[in-house]
Amino acid sequence: MAKIGNIDVGDFPLLLAPMEDVSDPPFRALCKEQGADVVFTEFISSEGLIRDAAKSVMKLDIYEKERPVGIQIFGAVLDSMLQSVEIVEASGPDMIDINFGCPVKKVVSKGAGAGILKDIDLMVSLTEAMVKHTKLPITVKTRLGWDYDSIKIVEVAERLQDVGCQAISIHGRTRAQMYKGDADWAPIAEVKNNSRMHIPVFGNGDVNSPERAMEMRDKYGLDGAMIGRASIGYPWFFSEVKHYFKTGEHLAPPTMEERVYAAKRHLQMAIDWKGEKLGVFETRRHYTNYFKGIPDFKEYRMKMVTSDDSASVFEAFDEVLEKFGDFQFV
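Residue 44 in full-length UniProt numbering sits at position 44 of the sequence shown, and the numbers go up by one each step.
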């Protein structure tokens, strides 16, 4: 049974990864309903928080039905990170996650995200300071290293644990890889198998099928799986993994009616939370996966991802249900 601080997160929990413009409250709610054990917010800039930037502050919104929920922040300046911890605490999350893994250039160039993998001492000292600054569990999400030649993740994880980190999620790629190539879970297993490690070690990267999740659990012996891209536009991934664990069989894919219903709820919740314009725009990335596999779907997909008003998108959903209602997904 994995525990983050005093929070029991279950036997091999499935965690929704923090993803920019994806892991917002509407999507987190859908994933939670489908069995996600722990969810994380989109990553939030510590500099944006302390300057009261509207987009950063909005990301602090969390809801009771999401718990346990973690708010993830990133930055490389100690004072800003400590101030942001105080702001985050006021939102009442169950944990605070530090992003030491984002590979995007605009984040890395400021020494934040995966950029801090070039300075492990700073990574450790920032974590230690944040642990001392809050009573909430501090967790870390990171990568194997900056590049292949600098992978020291076993040592890094041990040092983070020693300064009070309560759990670590490791993406099985280096920053140099970005999202290319295959994730390597073997170094993550080395972290888990280190006899000095006693905090949960979660794997991330290429968990794209129930079989892969089971492999992460049974072959690599990790404490849980953090799910990212496989869940975009497909919150059912969590329930499919859990069904496979329980029965050894694949759960029947959601029907067209279930997909349309979920897509409608997703869009409406997004509009309710962030307004018509942003709600319509930021939900677009999910539609390809909601309706993946339907032949001759381009016309409807284009309408969904180019319409600026929600009425047109809802209309497209209804048209899809009417035309493809009997389509059998495999």
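Glycine residues also receive a C-beta, built at the ideal position from the N, C-alpha and C atoms.
Decide yes or no for the touch test of the region 164-177 against the region 98-115: beta carbon pairs closer than 8 Å, at least 3 of them.
Yes, since at least three Cβ pairs between the region 164-177 and the region 98-115 fall closer than 8 Å, the two stretches touch.
Per-residue burial, N6 [other beta carbons within 10 Å of its own, 16 or more giving buried]:
Note on N6: under 16 other CB atoms within 10 angstroms of its CB, so exposed under the neighbour-count rule.
Spatial neighbours of P68 in its chain, beta-carbon cut-off 6 Å, leaving aside the 5 residues before and after
Spatial neighbours of P68 in its own chain (CB-CB distance under 6 Å, excluding positions within 5 residues in sequence) are listed in chain order as I7, V38 and D94.
Beta-bridge partners of V38, as assigned by DSSP
In the DSSP output, where bridge partners are listed per residue, V38 has L15.
Quick one, are the C-beta atoms of I168 and T139 less than 8 Å apart?
For I168 and T139, yes; Cβs fall inside 8 Å.
Taking the beta carbon of K274 as the centre, do at least 16 other beta carbons fall within 10 Å, making it buried, or is it exposed?
In this structure K274 is buried. Its beta-carbon is surrounded by 16 or more other beta-carbon atoms within 10 angstroms.
In angstroms with no decimal places, state the Cα-to-Cα distance between V124 and D61.
Cα atoms of V124 and D61: separation of roughly 28 Å, rounded to the nearest angstrom.
Where are the alpha helix (DSSP H) runs, 4 residues long or more, that stay fully inside the region 226-290, in chain order?
Taken in chain order, the unbroken stretches of alpha helix (DSSP H) that lie wholly in the region 226-290 and span 4 residues or more are 237-247, 256-274, 276-283 and 287-290.
Comparing C-alpha positions only, which one of F297, M302 and S312 sits nearest to K323?
Minimum Cα distance to K323 is reached at F297.
Please go through the same chain and pick out, in chain order, the residues whose beta-carbon is closer than 6 Å to the beta-carbon of P253, but skip the five residues on each side of it.
The answer, listed in chain order, is F329.
Hey, is the region 146-163 in contact with the region 66-84, meaning 3+ C-beta pairs nearer than 8 Å?
With fewer than three CB-CB distances shorter than 8 Å, the region 146-163 does not count as touching the region 66-84.
Could you check how far apart the C-beta atoms of L136 and I96 are, in whole angstroms? I think they sit under 8 Å.
The pair is a contact, with the Cβ atoms about 5 Å apart (cut-off 8 Å).
Ordered list of alpha helix (DSSP H) runs contained in the region 44-112, each at least 4 residues:
When DSSP assignments are scanned along the region 44-112, the uninterrupted stretches of alpha helix (DSSP H) that are 4 or more residues long and fall wholly within it turn out to be 46-50, 54-58, 78-89 and 105-108.
I want to see whether chain D comes within less than 8 Å of Y220, judged by CB atoms only; does it?
Here chain D cannot be found, since the structure has a single protein chain.
Sheet register partners of H171 (DSSP bridge):
DSSP lists R143 and N204 as the beta-bridge partner residues of H171.
Assigned secondary structure, V9 (DSSP; H/G/I helix, E/B strand, else coil):
V9: strand per DSSP, three-state reduction.
Counting along the chain, where does the alpha helix (DSSP H) carrying I120 start and finish?
It spans I120 to H133 - the alpha helix (DSSP H) in which I120 sits, taken as one unbroken run.
Should S23 and F40 be called a contact, given that it needs their Cβ atoms to be closer than 8 Å?
Closer than 8 Å, so yes.
Below 6 Å CB to CB, which residues in the same chain sit around V260 once its five sequence neighbours on both sides are set aside?
These residues qualify, in order along the chain: F317 and L321.
If distances are taken between C-alpha atoms only, which option among V163, K118, F245 and T255 comes closest to residue 346?
Given that the chain is displayed from residue 1 to residue 330, the structure contains no residue 346 and the question cannot be resolved.
Are there 16 or more other CB atoms within 10 angstroms of the CB of H250, so buried, or fewer, so exposed?
By the 10 Å Cβ count, H250 comes out exposed.
Beta-carbon spacing of residue 334, A230 below 8 Å
The shown model of the chain, from 1 to 330, leaves out residue 334, and the question about it has no answer.
Can you give me the Cβ contacts of V107 inside the same chain, cut-off strictly under 6 Å, excluding the 5 residues immediately before and after it?
Excluding sequence positions up to five before and after V107, its CB lies within less than 6 Å of the CB of G113, all in the same chain and listed in chain order.
On a CA-only basis, which of E89, K132, D182 and V201 is nearest T142? Give me that one, please.
The residue with the shortest Cα to Cα distance from T142 is V201.
Reference Y287; option with closest CA among P295, K277, L278 and Y300
Closest by alpha carbon: Y300.
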